[in-house]
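Those protein sequence lines, which keep their order, are chains A and B.
In terms of our numbering, the first sequence is residues 1040 to 1284.
In terms of our numbering, the second sequence is residues 174 to 386.
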Amino acid sequence: MQSFLEYKDIQFTYQTQAGHTLNHINFSVQEGEMITILGTSGSGKTTLIKLANKLLLPTSGAIYLKGQNIADIDTKQLRRRMGYVIQQAGLFPHMTVKENINVVARLSKEDIQEARLQELLSLTKLPADKDFQTRRPWQLSGGQQQRVGLARALYCDPELLLMDEPFGALDAITRYELQQEFLALQQETKTTVLFVTHDLREALMLGDRVMVLRDGAIQQLATPEELIQNPANDYVRLLLQIGRG
Amino acid sequence: MIQYISIHYMSILQAIVEHLRLTAFSLLFSIPLAALLSLLLFHSKTLGAILTGFLVVIYCIPSIALFTMLIPWFGLGETTAVIGLTAYNQILLIRNIKASYEAIPQQIKEAAESLGISNRKCLQNIYLPLMLPYLIGGLRIVTISTMGIATMAALINAGGLGRILVEGMRMFSMPRILVAVILISGLALILNFILIKLERLARRYATGHEVAS
Ligand SMILES: Nc1ncnc2c1ncn2[C@@H]1O[C@H](COP(=O)(O)OP(=O)(O)OP(=O)(O)O)[C@@H](O)[C@H]1O
Ligand SMILES: [Mg+2]
């Protein structure tokens, strides 16, 4: 069976850096699967997902989306098929909440669907009233900004969602609620997701499979059960021990 | 001085108009040219380095010399002055445009790029609004510098307040010199003030602060 997304022997080096930031990355993702990417700060998680929408180009190797090398896909079209939730929310400061969420539709003069907006606001547990919709990013809390970022990425029903610690700035309860909501949504829509986190519990709860990344190399990519039962090496074992207290 | 003003007020007014016109025309040509060059430079680093070097050299030529060098092609008068002033402005404006672009936070650029909208729409709707306060800040510097250098344009018959200054120097007439100096700095101050206000408005818009508070 052809995989939905495949990284084939990817190496990546930042111009300003000596060694490889990513080393021999090989993995494939099935359609509808949610992969959580777990690793310490600086392990290369953000770098790995930025390769998928060509924000970064691999130094060597190739990435295939439904069998097609993404190098051969028009960058704009490729990005339209993907939603990207960036680590620091990255909202546009001069736009309101509403304008941020429907930015793609608005700028490409497509129909703006009020119902879709309401749906996303409720899904992300954000207030749906006019006042909230017309606020600017500086008037939101860090967690609210992240959720608006999530709603923006979801707006166009992406085939592939790239999420970089989307729930990082949330309190435990909101975070838990959103994880549950998101899981339900993902199972319903069958969206394929690459979900970056440094929280073990989040990785285990959300991922169909969990990828453990260390210094730019995959340590293990396995289902949560398998990861717990058969850690591939001492590093993964340590990670599990620490993470579960 | 009062006496000089009361007799020559028409000629003074005319000089003010000429001076503003020189400044306005120079900016009118400078801005689109700098925008165009910036777009080119954005696409080619080597071309950028060469052009920047060239523009720095131009910037270092004293204004009288530059104006004089242009006379064989464009003759005496306003055209030459405007071309010279436009050439001076390029390096300042291009640097400013570059700095304005670099002032956009990296995460905003990544968010904008990952939307998959056209470059033009991205520039127009996301980058330009965020760059605007910095661009106006640069425009303010360029406007003031143009007003200053435009004074020299009188030496090639392009008129402006420099004309009164040159007259004053030739005739040892203190009133003329004073009037010219006061008017030049006064105009610069007024434009400075207006552009500061505009810059503040643009900043409020760019940061989303024009609502509430
Ligand atoms: N633009 C850049 N230029 C040079 N080096 C970079 C750049 N961005 C990241 N790096 C380096 O690449 C490595 C991986 O960075 P990356 O951002 O992918 O880590 P991460 O796993 O997302 O970390 P975090 O959990 O802190 O977000 C780090 O060593 C980092 O310093
Ligand atoms: Mg990161």
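No residue lacks a Cβ here, since even glycine has one placed at the ideal position from N, Cα and C.
Environment of residue i [buried if 16+ CB atoms lie within 10 Å]
i: Arg1175/A; result: buried
i: Met325/B; result: buried
i: Met1202/A; result: buried
i: Lys1148/A; result: exposed
i: Pro235/B; result: exposed
i: Ala238/B; result: exposed
i: Leu362/B; result: exposed
i: Ile369/B; result: exposed
i: Ser291/B; result: exposed
i: Tyr1046/A; result: buried
i: Val1124/A; result: buried
i: Leu212/B; result: exposed
i: Ser203/B; result: buried
i: Met1073/A; result: buried
i: Ile299/B; result: buried
Length of the line joining the Cα atoms of residue i and residue j
i: Ser386/B; j: Tyr378/B; result: Caution is warranted here: a pLDDT of 43 is assigned to Ser386/B, below 50, making its placement in the model unreliable, and the coordinate value is therefore given only provisionally. Each residue's alpha carbon lies about 13 Å from the other.
i: Arg1155/A; j: Tyr1194/A; result: 7 Å
i: Phe366/B; j: Phe198/B; result: 20 Å
i: Tyr1274/A; j: Ser1180/A; result: 36 Å
i: Glu1182/A; j: Thr1213/A; result: The amino acid at residue 1182/A is misidentified as Glu; the sequence shows Gly. The alpha-carbon atoms of Gly1182/A and Thr1213/A are separated by roughly 9 Å.
i: Leu1279/A; j: Asp1238/A; result: 11 Å
i: Gly332/B; j: Ile189/B; result: 9 Å
Of the residues the options, the one placed nearest residue i, counting alpha carbons only
i: Thr380/B; options: Ile1151/A, Asp1170/A, Pro1132/A; result: Pro1132/A
i: Leu1117/A; options: Gln1107/A, Gln1126/A, Thr1075/A, Ile1125/A; result: Gln1107/A
i: Phe1043/A; options: Leu1130/A, Ser1067/A, Thr1135/A; result: Ser1067/A
i: Glu314/B; options: Leu334/B, Glu372/B, Gln279/B; result: Residue 314/B is actually Ile in this sequence, not Glu. Ranking the options by Cα distance to Ile314/B, first place goes to Glu372/B.
i: Asp1111/A; options: Ile1125/A, Ala1091/A, Ala1192/A, Gln1259/A; result: Ala1091/A
i: Gly335/B; options: Gln187/B, Gln176/B, Ile178/B, Lys294/B; result: Gln187/B
i: Tyr232/B; options: Leu356/B, Met183/B, Tyr182/B, Ser318/B; result: Ser318/B
Three-way DSSP call (helix, strand, coil) for residue i in this model
i: Thr380/B; result: coil
i: Ala1128/A; result: coil
i: Arg1253/A; result: strand
i: Thr196/B; result: helix
i: Lys1047/A; result: strand
i: Tyr1194/A; result: coil
i: His1063/A; result: strand
i: Leu1199/A; result: strand
i: Gly1182/A; result: helix
i: Thr1213/A; result: helix
i: Ala385/B; result: Low confidence applies to Ala385/B: its pLDDT is 45, below 50, so where it sits in the model is not reliable enough to give any reading.
Chain C contact for residue i (CB, 8 Å cutoff)
i: Leu1278/A; result: The question asks about chain C, but that chain is absent: this structure's protein chains are A and B.
query = When the Cβ atoms of the stretch 1261-1274 of chain A are set against those of the stretch 1097-1113 of chain A, are three or more pairs found closer than 8 Å?
reply = No: fewer than three Cβ pairs fall under 8 Å.
message = Measuring CB atoms only, is the stretch 214-227 of chain B touching the stretch 304-315 of chain B, in the sense that at least three cross pairs come out at less than 8 Å?
response = No, because fewer than three Cβ pairs between the stretch 214-227 of chain B and the stretch 304-315 of chain B fall closer than 8 Å, the two stretches do not touch.
message = Does the stretch 344-360 of chain B come into contact with the stretch 200-214 of chain B, if we say contact requires no fewer than three beta-carbon pairs (one atom in each stretch) closer than 8 Å?
response = Taking 8 Å as the limit for Cβ pairs, the verdict is that the stretch 200-214 of chain B does not touch the stretch 344-360 of chain B.
ask   = Any contact of the stretch 335-345 of chain B with the stretch 275-294 of chain B, i.e. 3+ C-beta pairs under 8 Å?
value = Between the stretch 335-345 of chain B and the stretch 275-294 of chain B there are fewer than three C-beta pairs closer than 8 Å, too few to call the two in contact.
inquiry  = I'd like to know if the stretch 1158-1173 of chain A and the stretch 311-330 of chain B are in contact, where contact means that at least 3 CB-CB pairs between them fall below 8 Å.
reply    = Segments in contact, no.
query = Does the stretch 1246-1261 of chain A come close enough to the stretch 1055-1072 of chain A to have 3 or more Cβ pairs within less than 8 Å?
reply = With a cut-off of 8 Å, the stretch 1055-1072 of chain A and the stretch 1246-1261 of chain A count as touching, because enough Cβ pairs lie within range.
inquiry  = Any contact between the stretch 240-253 of chain B and the stretch 261-269 of chain B? By contact I mean 3 or more CB pairs, one from each, below 8 Å.
reply    = With the cut-off at 8 Å, the stretch 240-253 of chain B and the stretch 261-269 of chain B do not touch.
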